[in-house]
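Asker: One structure coming up, written as structure tokens, with questions to follow.
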Amino acid sequence: PQVIFIDAQDNQFEADIEVGHTVMEGAVDHMIDGILGECGGVLACATCHCYVDPAWQDKLPPVSEAEADMIEAAVEPKANSRLSCQIEMTEALDGLVVRLPRSQY
Ligand code: FES
């Protein structure tokens, strides 16, 4: 399934991410600038922060308490903020649109 990443300058990148991999892992594998994933996906860094397109928000599993706590540590959190290491790819997420924050620090 494909994920569409849009950066703060509106540049668009598409990446094929295997089912079962997280959006963070896929972004790192495809060298998408803006997703760092420094903690390796264990909810300890918030450098995988992204904004999920509102049309897709309901299709994702809900934000856990631990994720919500870490989102507070991200730069410019918004209502549609997610940590991309907590989004596991499924076929149903083909075409998912994710916006990248201006900065992870
Ligand atoms: Fe560190 Fe997602 S990679 S919280």
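Heads up: the sequence shown is residues 2 to 106, going by the UniProt record's numbering.
The beta-carbon is built from N, C-alpha and C at its ideal position, and this holds for glycine as well.
1. First and last residue of the beta strand (DSSP E) that includes residue 16?
2. Just to confirm the assignment: which complete alpha helix (DSSP H) runs, minimum length 4, are found wholly within the UniProt domain "2Fe-2S ferredoxin-type" (3–105)?
3. Buried or exposed for residue 102, please, with buried defined as at least 16 other CB atoms from any protein chain shown within 10 angstroms of its CB.
4. Alpha carbon to alpha carbon, how far is residue 16 from residue 4?
5. Looking only at its own chain, which residues have a Cβ that is under 8 Å from the Cβ of residue 91, when we skip the five neighbours before and after it?
Answerer: Per the coordinate set shown:
1. 13–17
2. 24–30, 55–58 and 66–72
3. Buried is the call here.
4. 5 Å
5. Spatial neighbours of residue 91 in its own chain (CB-CB distance under 8 Å, excluding positions within 5 residues in sequence) are listed in chain order as 2 and 20.
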